[in-house]
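Input: a single structure, listed below in structure tokens.
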Amino acid sequence: MKEKKGKIVPFPHLKERLLEKGMEALQAKRYKEAYEWLEQAKQFDADDADLELAMVVCLFELGEAKEAKKRCQALLEQGKGDWSLYLSILIHLQQYDEVIATIERLQKEGRDCTPFLPLLEFSKKICRSSAENEIKQLTSSLLEQDDWEQHVQIIKQLENKYIEPIVPVLNDYLSDERKHPFVKTMILRLLMSKQVKQVVTIQKFGKMMQCSPIQLDENEQAAFADEVLSIVENKFTQQNPSLYEWVKSIWLRYLYMMYPFVPDEFPAEQWAEALYAFVQQCQGQQTEALHPLIEEIQKIEDISFF
Numbered sequence: 087m088k089e090k091k092g093k094i095v096p097f098p099h100l101k102e103r104l105l106e107k108g109m110e111a112l113q114a115k116r117y118k119e120a121y122e123w124l125e126q127a128k129q130f131d132a133d134d135a136d137l138e139l140a141m142v143v144c145l146f147e148l149g150e151a152k153e154a155k156k157r158c159q160a161l162l163e164q165g166k167g168d169w170s171l172y173l174s175i176l177i178h179l180q181q182y183d184e185v186i187a188t189i190e191r192l193q194k195e196g197r198d199c200t201p202f203l204p205l206l207e208f209s210k211k212i213c214r215s216s217a218e219n220e221i222k223q224l225t226s227s228l229l230e231q232d233d234w235e236q237h238v239q240i241i242k243q244l245e246n247k248y249i250e251p252i253v254p255v256l257n258d259y260l261s262d263e264r265k266h267p268f269v270k271t272m273i274l275r276l277l278m279s280k281q282v283k284q285v286v287t288i289q290k291f292g293k294m295m296q297c298s299p300i301q302l303d304e305n306e307q308a309a310f311a312d313e314v315l316s317i318v319e320n321k322f323t324q325q326n327p328s329l330y331e332w333v334k335s336i337w338l339r340y341l342y343m344m345y346p347f348v349p350d351e352f353p354a355e356q357w358a359e360a361l362y363a364f365v366q367q368c369q370g371q372q373t374e375a376l377h378p379l380i381e382e383i384q385k386i387e388d389i390s391f392f
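Under the numbering used here, read the sequence shown as residues 87 to 392, first letter to last.
This is the structure we're talking about:
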């Protein structure tokens, strides 16, 4: 650099000379030296994508994989960069789920991913193996412990897992009358979201059903729920509007615990009256007992924790 009147004036073609030295060092695998030369060159052109990509390679080779990933990702978001390098960084970081997501996204965009297919299969194999081990640990806790709140957390963790191998274990839970109905509903919804076709057995409150989760129809219960709430709203809201939301929350909680069973042994009119009476009783008001529905509602409320 030459200094003139307080300003720094670069030598002619200094960037090119620094870049040349950096690339020579890179090709010679002197990565630390290469990075230093390239870093100086970048001061003259911070937007040079090729220069930045070379620096990403240096970072990767110097063991700074996380920083390399971050900067490579930024280049790719600008439509620059190198997908092969990015995938290599992900493999090095053992982020196999991101490898899968990246390649599948590129496939959806219509890119030729033939060179990446071995990486895709390798990553899927690793993820399956890892997931199976993790799932085995989770399901072991699910069956061996009686902590319902822990069971809820386990089911939430399974939402992003490949669960096909453990459907038989989940079926054992569903068919065990001693297990909590709330957790059973969570399991059923998990199986439905995963479009599981295997037949499972559900036992709740003395009732039993065998079904394929993918074929379960939530509309049947939803229609009955809406019918009951409509009666409550039309018949009782004018008497005490503030109680409607309370009635609604109790009713929806009851149905969640009962799922997939629809409590239509009694007509919607009786359920509406029972729900309203139950809320009135909770407020200390005297009401006419509607056995057995009020007792049924109370039974569910006693074991609900949401």
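A virtual CB, placed ideally from N, CA and C, is assigned to each residue, including glycine. As the structure is a prediction and not an experimental result, all values here were calculated from the model.
Asked                                                                                                                                                                                        : Found
Could you tell me which of 268, 326, 100, 265 sits nearest to residue 129, measuring between CA atoms?                                                                                       : 100
State the Cα-Cα distance for the pair residue 313 and residue 290, rounded to the nearest angstrom.                                                                                          : 23 Å
Exposed or buried, what is residue 160 when buried is set at 16 or more other beta-carbons lying within 10 Å of its beta-carbon?                                                             : exposed
Would you kindly work out how many angstroms separate the C-alpha atoms of residue 109 and residue 299, rounded to a whole number?                                                           : 59 Å
Assuming contact is defined by CB atoms lying nearer than 8 Å, are residue 120 and residue 111 in contact in what I supplied?                                                                : yes
With distances taken between CB atoms, is the gap from residue 255 to residue 229 smaller than 8 Å?                                                                                          : yes
Are the CB atoms of residue 383 and residue 360 within a distance shorter than 8 Å?                                                                                                          : yes
Going by other Cβ atoms of all chains shown within 10 Å of its Cβ, with 16 needed for buried, is residue 102 buried or exposed?                                                              : exposed
Can you find at least 3 beta carbon pairs, one from the region 322 to 337 and one from the region 296 to 310, that sit closer than 8 Å?                                                      : no
By a C-beta neighbour count over all protein chains shown, 10 Å radius and 16 as the cutoff for buried, is residue 354 buried or exposed?                                                    : buried
Please work out which residues of its chain come closer than 7 Å, Cβ to Cβ, to residue 319, disregarding the five sequence neighbours upstream and downstream, and give them in chain order. : 330
If you draw a straight line from the alpha carbon of residue 132 to that of residue 168, how long is it in whole angstroms?                                                                  : 18 Å
Within its chain, find whatever has a CB closer than 8 Å to the CB of residue 145; leave out the 5 residues flanking it on each side and keep chain order.                                   : 121, 151, 153, 154, 157
Under a Cβ-count criterion, where at least 16 other Cβ atoms within 10 Å of its own Cβ denotes burial, should residue 305 be classed as buried or exposed?                                   : exposed
Is it the case that the region 242 to 250 contacts the region 219 to 227, given that we only count it when at least three CB pairs across the two stretches are under 8 Å?                   : yes
Under the assumption that residue 293 contacts residue 352 (Cβ atoms under 8 Å), give the Cβ distance between them as a whole number of angstroms.                                           : Going by Cβ atoms, the distance from residue 293 to residue 352 rounds to 14 Å, so no, they are not a contact pair.
When DSSP labels each residue in this structure, what does residue 101 get in the three-state scheme?                                                                                        : helix
Determine the direct distance from the alpha carbon of residue 270 to that of residue 210, and round the result to whole angstroms.                                                          : 29 Å
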